[in-house]
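Position one of the sequence shown corresponds to residue 12 (my numbering), numbered consecutively onward.
Where a beta carbon is used, it is the ideal one built from N, C-alpha and C, also for glycine.
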Amino acid sequence: MPVQKITKTDLLHRCWEYIHRHGYHASSISALAQAAGLGKAGLLHHFGSKEALMVAVIEFAQVEFRRYVFAVVDEDLPLDQRLEKLLRRQNRLTKIDQRGCFFTNVIMETGQSGLFNAAITSFYDEWQQQLARLLAEHYPAAETTQRAYQLLIEYEGAVTMYKLTGDETHLESFVHRSVNPLKTELYGPSPTH
Numbered sequence: 012m013p014v015q016k017i018t019k020t021d022l023l024h025r026c027w028e029y030i031h032r033h034g035y036h037a038s039s040i041s042a043l044a045q046a047a048g049l050g051k052a053g054l055l056h057h058f059g060s061k062e063a064l065m066v067a068v069i070e071f072a073q074v075e076f077r078r079y080v081f082a083v084v085d086e087d088l089p090l091d092q093r094l095e096k097l098l099r100r101q102n103r104l105t106k107i108d109q110r111g112c113f114f115t116n117v118i119m120e121t122g123q124s125g126l127f128n129a130a131i132t133s134f135y136d137e138w139q140q141q142l143a144r145l146l147a148e149h150y151p152a153a154e155t156t157q158r159a160y161q162l163l164i165e166y167e168g169a170v171t172m173y174k175l176t177g178d179e180t181h182l183e184s185f186v187h188r189s190v191n192p193l194k195t196e197l198y199g200p201s202p203t204h
């Protein structure tokens with residue numbers, strides 16, 4: 012059967028999907044090549060090793076996250092709406108087949124070995140920088156880094172509980188805990204009915 016040509020982006024997307032579903036260690040080069048529609052030799056020709064492929068997959072995931080989630084920071088919406096939209100987009104990704112956060116899954120599986128810690132740290136640093144940049148529109152600069160860090164930690168906790176229980180309330184409550192205090196600060200308390 013002839014192997015069909017695919018773009019590098021499609022190849023990385025297919026590998027990302029496979030790894031996100033099965034985990035890094037359970038993803039053999041043969042399985043990844045099959046998922047990508049290539050032969051094993053073709054996949055190794057492009058990346059050299061499973062580790063190099065994984066670094067490329069992490070970079071691909073970060074670019075896609077930047078395009079889909081972080082891009083909200085620069086949209087022409089009020090601050091509270093951008094924060095809520097960003098968090099909800101992030102949650103949408105988390106809920107794909109209840110897989111959770113790709114980046115956290117990778118670090119939980121491979122963190123002690125240190126194989127991908129630099130690439131994952133780059134993602135988390137960017138996550139905090141983007142949230143701090145958004146929050147800087149309302150909060151003093153001295154507070155934004157800590158607030159962004161707190162959001163990251165709370166988000167990952169909500170994702171962990173969601174993966175454990177399958178209960179989306181953990182993710183939804185996180186959004187409300189994150190956005191409602193900001194709305195109150197921006198617009199005052201909401202009227203009670």
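Contact test: residue i Cβ vs the ligand PLP heavy atom, cutoff 7 Å
| i | result |
| --- | --- |
| S60 | The model on display carries no ligand, and the ligand PLP is accordingly not part of it. |
Closest residue to residue i among the options (Cα-Cα distance)
| i | options | result |
| --- | --- | --- |
| E167 | D21, F185, G122 | F185 |
| V117 | S60, T155, H31, E154 | H31 |
| A159 | A63, S201, E137, E183 | E137 |
| V190 | E179, G177, H149 | H149 |
| E28 | F114, R100, H57, P200 | F114 |
| E196 | F76, D91, E62 | D91 |
| Y198 | G48, A47, P89 | P89 |
| M65 | L182, L22, K194 | L22 |
| R207 | V80, Q45, E120, L162 | The question about residue 207 has no answer, for the chain in this structure spans 12 to 204. |
| H56 | I69, I40, E70, F71 | I40 |
Where residue i falls, given that 16 or more other Cβ within 10 Å makes a residue buried
| i | result |
| --- | --- |
| R188 | exposed |
| T105 | buried |
Any C-beta of chain D under 8 Å from that of residue i
| i | result |
| --- | --- |
| H31 | Considering every chain present, this structure includes no chain D. It has just one protein chain. |
Subject >> Segment contact flag, the stretch 28-38 with the stretch 111-128, C-beta cutoff 8 Å, min 3 pairs >> reply: yes
Original post:
Quick check: the stretch 81-94 against the stretch 127-147, are there 3 or more CB pairs under 8 Å?
Top reply: yes
Original post:
At a cut of 8 Å, does the stretch 98-113 reach the stretch 173-193 through at least three beta carbon pairs?
Top reply: Output reads yes: the stretch 173-193 touches the stretch 98-113.
Original post:
Touch check for the stretch 47-58 and the stretch 87-106: three-plus C-beta pairs under 8 Å?
Top reply: Flag = no, the stretch 47-58 and the stretch 87-106 do not touch.
Subject >> Continuous alpha helix (DSSP H) assignments of at least 4 residues falling wholly in the stretch 82-109 >> reply: 90-105
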